[in-house]
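Comments concern the structure below.
Residue numbers (this note's numbering), protein chains in the order written: chain A, 1 to 126; chain B, 1 to 488; chain C, 1 to 438.
Quick look at the structure:
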């Protein structure tokens, strides 16, 4: 059973965003890391890059698969999780603790287009 | 065979050993390399091995013993056409009259080589039903890129600048979309029907004046012939696009039907698949590209031509799609392919496809009770199982592939095409005998039996190979790609 | 037909198992109008005896000339041990090593190849090889643009081999990448022009050659800083055989090294197969295209090698891959790996020394004939450009009539002449004597 956390917003492409004030922390869900298997590399954008909701901003690689990272929100990248460069397996061990990018949100209302925990749970159980 | 040999060449190195001999430098006193200005000279010392000639021979011979090749055993690798690689081809390619030829020799001094190029190109045009070929691209993916450059140039030179998209079936080889992207084209995916062929109804709405063309292989990656191809060609041409034929599966129809007659405008051929040149552990191959009449001038430069009095010459066409290679491709590979065509001759070329297709259907029908065949019917040169018929013990396609290694077979292509979860793609080629296929069928049945009766044995295979399953996760997380990094 | 094992009985039995009546049934679903129904316009099958004769005759239509041509392809010594070993079926007829358990031979030699290329160039990582030097340089251009993200201009020196330049330009054209030329001054890259072209802060990469097209060893002091100050990548197309002696791309501060490794003993074979190399710093390994082999262990803890970082490649990333390349030139990578093993550092240096001495001896002697003057007054390696006082073509034609390929004509009055360790003093003296008598 994949872990799903209340209070986060979820995208159909299995990214989550945790909103704290004007910032959003974006990562992949537990379900996504499980499907992907051992993560060997996380391709992240640079600080100051802009991201757009629905467009890809990087990728997560396992040994023989790669999954694009689709941003659930729009804004500017203010921080990337540097720890993932040396320890990509952190995404497997706790994907919610180990977010991938921190975004300064340009439109806080965008998260309303995403799913809440219950809706996401329903989706992956389908 | 010494399968446990585990040294790197660097680990044989001993200060002071040499493996070479060169003439004495009589001119050294007058013209010493030490006179080069110091700031242009190397400071660090490259750490190359210091070994004897014999060390080198024995080391690499031992390494070869840890390898599997077509010469070693059966290679049912789907989409790779691992047919016999005749030794005569190698002998011809090594002839000093060709092997010592510098690409800048005047054309008068290279008439023999140019004749090989010209006649091989003409033979491929006849076999594929197109007008002209370049042999310059180095490999299949390189041929695709070249072909797409030709497609784009065709539109651009007509002033049709809107055509920036190319349609690729969802079952296509990964190189198709990747080549399109490198050529600056946007990819539009067309769906497959339940039986794996291009869905013509899904295709129709995609066709408009932004479409440069479509990339297809026929038969497709499931080994199914796209019988709707005349209709697809009509639709694509009607919208102003061109049809590109990925020649990866040409062996299926070799001698039986021709891409040009199917309506394709541009294609590539993998000489290392269809025309028996060796894969060499991943190359060199060669990826000739052919075009229909009217597109010849777009072929890459340099181009080989023949004048009225039978002399060959090299020409650069100003309207060409560009230069894609150093010179005239992997010429040594061209010699091999030409030798093969001459050996077959007009009469035997016709039998390649049919015998390859016979072998594939024979294996398919002999195994479909124990492996799940998602698409019934006559296949072409290859076919796809979706794992075991009985998957109750959890044995996967990967496990089956690894178990086959224990029995002395190369694994089939696995997890491709992506349309099924447990794809096992088998292509026997025409050069394998009924006896070889019978033995392979028996082993495949044995593995299916083991999978039910003793699944752990299959899940942990292989056991008899020089190394067993590898830790690929660590290899990718902490890449060590040189001896220096390995030593730490 | 010796390549078809099927007897008539086999065919009948196999058709029966397949539930078919005739060979035609194998293509029963194909629309009739698509079936090929005439004879191929090809020669009839030839026997081995006839084929040998055929190619012997064809070979005689080529002329065997003593080679003083270079321009990116050189006539180097190839040790006798290489050909027999690389033609072993286990190497020659193997597929790409996707099944590592039965491909350790291929995987290990690629690992050794990568190790040696990194030693010569000084770079951290390289891939399992590229098609040739021209496409390797085009891929280097693509890496620059990918790494720079928002820039789409690269600079290529006017002293780059034109064959390399034309392939870079072709790839660039279709990707909307702009290729500008850095001017040439006295046979070398004009660094003042380079600096001014970098000033717009819009250049993704700068591609320079070492030695350059004219055989000149360029002084790239300060170039790395100049590029990096403008956030541009510094790419060096270097001849690997010369790197035993010349400052390595890493020592010049290059971010990417690339080129053709034909000079490491590969026969000229009318342009191929050769092998391209492409190397970079660890930081950019994810942008490096093509196959890469890495070390790991198997379940029993035994050292082993495997294709790694595959998620960058086309078979997984499809249109998002950093290149469409699939094949490498594996067998040719083995060729140069064996060459570097046989030669070692000292062998490479000795070959460089012989080539250098021969080239400088020839240059002096040609000038002494009065038919040539040095085109440039710059340090050169084993190749040099001369201005000729008689038409260059006339010199080449005269030499050809004496069995000598005198070089490459790069202008009506300019010749590019190359000497390798294969050319003896007698070869050179005959060259000079022939020119003197024109």
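Heads up, the beta-carbon is just placed ideally off N, CA and C, and yes, glycines get one too.
Model, not experiment: these values are computed from the prediction.
Cα-Cα separation, residue i to residue j
i                     : j                     : result
residue 101 (chain A) : residue 33 (chain A)  : 16 Å
residue 167 (chain B) : residue 179 (chain B) : 12 Å
residue 61 (chain A)  : residue 445 (chain B) : 35 Å
residue 225 (chain C) : residue 249 (chain C) : 14 Å
residue 393 (chain C) : residue 91 (chain B)  : 35 Å
residue 152 (chain B) : residue 301 (chain B) : 16 Å
residue 293 (chain C) : residue 111 (chain C) : 6 Å
residue 2 (chain A)   : residue 10 (chain A)  : 14 Å
residue 412 (chain C) : residue 106 (chain B) : 15 Å
residue 163 (chain B) : residue 70 (chain B)  : 43 Å
residue 453 (chain B) : residue 108 (chain A) : 58 Å
residue 315 (chain B) : residue 135 (chain B) : 14 Å
residue 169 (chain C) : residue 183 (chain B) : 12 Å
residue 1 (chain B)   : residue 382 (chain B) : Low confidence applies to residue 1 (chain B): its pLDDT is 47, below 50, so where it sits in the model is not reliable, and the reading given next is rough at best. Their Cα atoms are separated by approximately 33 Å.
residue 405 (chain B) : residue 68 (chain B)  : 10 Å
residue 43 (chain A)  : residue 24 (chain A)  : 19 Å
residue 209 (chain C) : residue 248 (chain B) : 36 Å
residue 127 (chain C) : residue 122 (chain A) : 45 Å
residue 95 (chain C)  : residue 414 (chain B) : 14 Å
residue 172 (chain C) : residue 138 (chain C) : 8 Å
residue 113 (chain B) : residue 312 (chain B) : 9 Å
Run of the alpha helix (DSSP H) containing residue i, from where it starts to where it stops
i                     : result
residue 192 (chain B) : Run containing residue 192 (chain B): none; DSSP gives neither H nor E here.
residue 113 (chain C) : 104 to 121
residue 397 (chain B) : 397 to 406
residue 332 (chain B) : 331 to 367
residue 52 (chain C)  : 48 to 59
residue 56 (chain B)  : 53 to 64
residue 169 (chain B) : That residue, residue 169 (chain B), is in no alpha helix (DSSP H); its beta strand (DSSP E) goes 165 to 169.
Element boundaries [beta strand (DSSP E), containing residue i]
i                     : result
residue 244 (chain B) : 242 to 246
residue 268 (chain B) : 266 to 268
residue 383 (chain B) : 383 to 386
residue 27 (chain A)  : 23 to 28
Of the listed residues the options, nearest to residue i (C-alpha basis)
i                     : options                    : result
residue 67 (chain C)  : B:475, B:100, B:236, B:95  : B:100
residue 39 (chain C)  : B:348, B:403, B:399        : B:348
residue 223 (chain C) : C:202, C:159, C:232        : C:232
residue 236 (chain B) : B:246, B:249, B:264, B:13  : B:264
residue 347 (chain C) : C:311, C:87, C:431, C:78   : C:78
residue 59 (chain C)  : B:96, B:294, B:350         : B:96
residue 27 (chain B)  : C:426, C:185, C:378, C:361 : C:361
residue 176 (chain C) : C:314, C:2, C:145          : C:145
residue 277 (chain B) : B:138, B:451, B:50         : B:138
residue 310 (chain C) : C:97, C:86, C:2, C:30      : C:97
Environment of residue i [buried if 16+ CB atoms lie within 10 Å]
i                     : result
residue 412 (chain B) : buried
residue 192 (chain C) : exposed
residue 433 (chain C) : exposed
residue 384 (chain B) : buried
residue 37 (chain B)  : exposed
residue 161 (chain B) : exposed
residue 321 (chain C) : buried
residue 283 (chain C) : exposed
residue 57 (chain A)  : buried
residue 30 (chain B)  : exposed
residue 193 (chain B) : exposed
residue 55 (chain B)  : buried
residue 154 (chain C) : buried
Residue i at chain E interface by Cβ criterion, 8 Å
i                     : result
residue 477 (chain B) : In summary, chain E is missing from the structure at hand, where the protein chains are A, B and C.
Any non-hydrogen atom of the ligand NAP within 7 Å of residue i CB
i                   : result
residue 3 (chain A) : Because no ligand of any kind appears in the structure shown, any question about the ligand NAP cannot be addressed here.
### Task
Anything in the region 78 to 107 of chain A with a Cβ closer than 8 Å to a Cβ of chain B? List those residues in chain order, please.
88, 89
### Query
Using a Cβ cut-off of 9 Å, which residues of the region 36 to 63 of chain A contact any Cβ in chain B, in chain order?
37, 38, 39, 40, 41, 61, 62, 63
### Message
By the 9 Å beta-carbon criterion, what residues does the region 268 to 285 of chain C contribute toward chain A?
### Response
Taking 9 Å as the Cβ-Cβ cut-off against chain A, none of the residues of the region 268 to 285 of chain C qualify.
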